[in-house]
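Position 214 of the sequence shown, counted from 1, bears residue number 314 in my numbering, the numbering being contiguous throughout.
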Amino acid sequence: MIKCIATDMDGTLLNSMQEITEENKQAILKAQSQGVEVVVATGRSYQEATYVLNAVGLNCPVICVNGAEVRSKEGEVISANPIPKQLARETAAKLSESDVYFEVYTNQGAYTIDAEKAVSTLVDIVMSANPEADRDEITVAAGARVRDGLVHMVNDYEQLFADDAIMIYKFLAFSFEEGKLEVASESLVGLTELEVTKSGIENIEITHKNAQKGIALEAFTKAKEIDLADTMAIGDNFNDISMLEKAGRAVAMGNAGYEIKVLCDVITDTNEESGVGKAILEVL
C-alpha cells in the first residue's frame, strides 16, 4: 500500500505553462484526504516551488533544490545540505571560465546577475520542449520569476558567498551551445564534494554530494515512519534518478527520456496530460 508519494515539478507535476492542472490538483487532494503523505521533490527553490503550489491552493512538504533543503508543510526547515562557501567560490569561478550562464540557489531564494537572461533562458527552455507553445504567453509566465521576486538580482555572486546568513544550495548552469556544459562538468570533476546532475539537455545542476532527492526522500520517509517500499516516486529526468531508485514504485512520465523510463516500474502519461494525477489515482 502506498503511504507516501514524491513528485518532481518541472516536466512532471507542471505542464508547459508552469502550472498544476486541475486533474493533478484533485488527485493530490484525494491522496492527502486518504492519509497519504504527498511531498514535492524539486530542483526549484522553496520560494519558487510554493509559488506554484499556493496558486492552486495546495499545501505539501517540499524537498527543495534537489534535496539541499527539506521543509515541512508549514515552511519550517527540517534539514539542509549546503555547499561550503570556499567550494562555492571555486565552483563559480570554474563555471565563469567555462563561459556558461548560471544562477545561484540559496536558503533565501535564487539569485542572478542578469535578470534579462534569467527570463530569456527559461523561455528558450520551454519553447525548445514545446515548439507549438505561444512564445508571448511563455515570456509573460517566465517573467514572473523576476517580477514576483522569485529570482533576485545581485551585482556579484561574491555578495552571497561573503554573507554568513546565506547558505549556498545549488548552481544551475545553462547553455544551448553544444559542448559547453560538458566542458563545465569536466572542470568540476576534481571537486569531489559536489554532485553534478541535470534536469534538461540544456542545463547542469550542481549541489553538495549529500543533496540528492533520493537521500532526502529516504530521510523524510524515515522521519514519518514510512517504509520506502510503500513510497511512490514520479519523475522525468536525471535529477530524479536517486529517488526513483529508492522508491518501492518508480513512475516515469510519458515525456521522460528512454534512460529514465527503463529504470521505472510504470510509465504514466505526459505532463501535458496530467500524468501525475493518473499515476496517483492508479494507486489510491
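Every residue, glycine too, gets a C-beta built ideally from N, C-alpha and C.
Cβ-Cβ separation between Lys185 and Ile306: approximately 14 Å, too far for a contact (criterion under 8 Å).
In the structure shown, Leu294 adopts extended strand secondary structure according to DSSP, grouped into three states. The stretch 118-134 and the stretch 156-163 touch, with three or more beta-carbon pairs separated by less than 8 Å. Per DSSP, the beta bridge partners of Ser179 are Val170.
Of the residues assessed, Val362 falls on the exposed side of the cut-off, its CB having fewer than 16 other CB atoms within 10 angstroms. Leu344 and Leu328 have their C-alpha atoms roughly 11 Å apart.
Assignment of Glu137 by DSSP, reduced to helix, strand and coil, places it in the strand class. The C-beta separation of Gly111 from Asn337 comes to about 6 Å, placing the pair in contact by the 8 Å criterion. When C-beta atoms of the stretch 345-365 are compared with those of the stretch 299-317, three or more pairs fall below 8 Å, so the two segments count as touching.
Leaving aside the five residues that flank Ala210 on each side, the residues in its chain whose CB is nearer than 6 Å to its CB run, in chain order, Ser145, Glu203 and Val251. Segment contact: the stretch 107-124 against the stretch 136-145, three or more CB-CB distances shorter than 8 Å; contact assigned. Ala218 and Gln118 do not touch by the CB rule: their CB atoms are close to 14 Å apart, not below 8 Å. For Arg349, the pairing in a beta bridge is given by DSSP as Met332. A residue is called buried once 16 or more other Cβ atoms fall within 10 Å of its Cβ, and Leu384, having fewer, is exposed.
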